DNA sequence: CGCCCAGGGTTCCCTTAAGGAACTCACCCT
DNA sequence: AGGGTGAGTTCCTTAAGGGAACCCTGGGCG
């Protein structure tokens, strides 16, 4: 199927997709986040092909999102989120919020978050990390940053 | 390549991936967001195969994320974000923030956001929509919601 | 002390999706 | 009538996902 790699694009969205944009990868991260950290668990829970699971896990380890570490004398390994990987969970929380709002239907959300700070059932909201006001699609202008692609002189 | 559909899973992340998890889809939405709304523009900018672009656009229209509308007497169409689609941009903003932080390297971010409310260069941060405090991977407990999968009685 | 088990992968074949180029179609403009 | 343009469609090739079978290593156990 020869998929095009996005990593060459001067775009942080494309680069992020290169790390976690492949099929299954977000679901693998979700499972690891909630404590399903072993190969067999992931394979059984997701119903993913073992071959593809191996590929995805290796890729995530290479990218520094997961860490593979032994949990036994025998060759047994589990995968845990690194700091970099934990920050990626932000993305899953936003996906969950959008899916709950637009795709859950009559039944309502399958999962709820209870926020430690306030103890309430809640979802994430996007705010400006500078002023704290809401910050969404219509609230920003896009400017070229230092890393814009330079066209040859 | 017979990809497994995620839509049957009782998980809002999986369902969201079913809408926008295919390769190219987030980049298409990014382009539409910044004003590249026509077939030829998208194809030229992304270098995507025309066939795949057609499939993705049709899917996004079916899902109510984009609207296809004529802009000429001739059969000419542009694609614009619906309200549902505009909310999906949240995801792209979070991807951009993560990519900037972890993948931009020396060069720095290719693109910057200026927040209308404060006029500053900023990125999104995740906050609780109930109490406004930060809300990230470690700040929540997961509880079963009303839409959990019921196993047969 | 030899056998079996379990976790964690590999290998192999089959099917299908992505790439890519060529072709089509409808309408406008000379 | 002929050409141009945007928006797709068609067709072929290649590679990625699905799925099942196989392998390897180190206990545990009769």
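Protein chains in written order, with the numbering used here: chain A, 120 to 272; chain B, 120 to 272.
Quick reminder that beta carbons are idealized off the backbone N, C-alpha and C, glycines included.
Predicted, not measured: the structure shown is a model, and the values here were computed from it.
(message) Tell me the residue span of the alpha helix (DSSP H) that contains residue 234/A.
(response) First-last for residue 234/A: 230–234, but that is the beta strand (DSSP E), not the alpha helix (DSSP H).
(request) Could you tell me whether the stretch 166–177 of chain B touches the stretch 125–137 of chain B, using the rule of 3 or more Cβ pairs below 8 Å? (result) no
(message) If you reduce the DSSP assignment to three classes, tell me which class residue 272/B lands in.
(response) Note that residue 272/B has pLDDT 44, beneath the 50 cutoff, so the model's placement of it is unreliable and the number below is only indicative. Coil at residue 272/B, not helix or strand.
(request) Look up residue 198/A in the DSSP assignment and give the residues it is bridged to. (result) 187/A
(message) Using the three-state DSSP reduction, which class does residue 260/B fall into: helix, strand or coil?
(response) strand
(request) Would you mind telling me which residues of chain B sit closer than 7 Å to residue 147/A, beta carbon to beta carbon, in chain order? (result) Under the 7 Å cutoff, chain B gives no residues; its nearest Cβ is about 11 Å from residue 147/A.
(message) Less than 8 Å between C-beta atoms, sequence neighbours within five positions excluded: which residues of the same chain meet that for residue 195/A?
(response) 157, 189
(message) Please confirm whether residue 127/B has its beta-carbon closer than 8 Å to some beta-carbon of chain A.
(response) no
(message) Suppose you measure from the CA of residue 155/B to the CA of residue 204/A; what does that come to, to the nearest Å?
(response) 32 Å
(message) Let me see if you follow: with CB-CB separation under 8 Å, is residue 206/A close to chain B or not?
(response) yes
(request) Could you tell me whether the Cβ atoms of residue 234/B and residue 250/A are closer together than 8 Å? (result) yes
(message) Between residue 198/A and chain B, is any beta-carbon pair separated by less than 8 Å?
(response) no
(message) According to DSSP, residue 245/A sits in a beta bridge with which residue or residues?
(response) 245/B
(message) I need the straight-line Cα distance from residue 214/B to residue 209/A, nearest angstrom please.
(response) 9 Å
(request) Verify whether the separation of the beta carbon atoms of residue 111/A and residue 266/B is less than 8 Å. (result) The question about residue 111/A has no answer, for chain A in this structure spans 120 to 272.
(message) So with CB distances below 7 Å, who are the chain B contacts of residue 133/A?
(response) 146
(message) Once the 5 residues before and after residue 186/A are set aside, which same chain residues still bring their CB inside 6 Å of it?
(response) 199, 201
(message) Is the beta carbon of residue 207/A closer than 8 Å to that of residue 245/B?
(response) no
(request) Name the two residues that bound the continuous alpha helix (DSSP H) containing residue 223/B. (result) Counting along the chain, residue 223/B falls outside any alpha helix (DSSP H), and DSSP gives it neither H nor E.
(message) Below 8 Å on C-beta distance, what does residue 155/A contact in chain B?
(response) Simply none; closest approach about 12 Å.
(message) Just to make sure I have the definition right: I need the residues of chain B whose C-beta is within less than 7 Å of the C-beta of residue 180/A. Which are they?
(response) Result: empty, since nearest Cβ-Cβ is about 15 Å, beyond 7 Å.
(message) Beta-carbon within less than 6 Å of residue 228/A's beta-carbon, same chain only, minus the 5 sequence neighbours each way: which residues are those?
(response) 219
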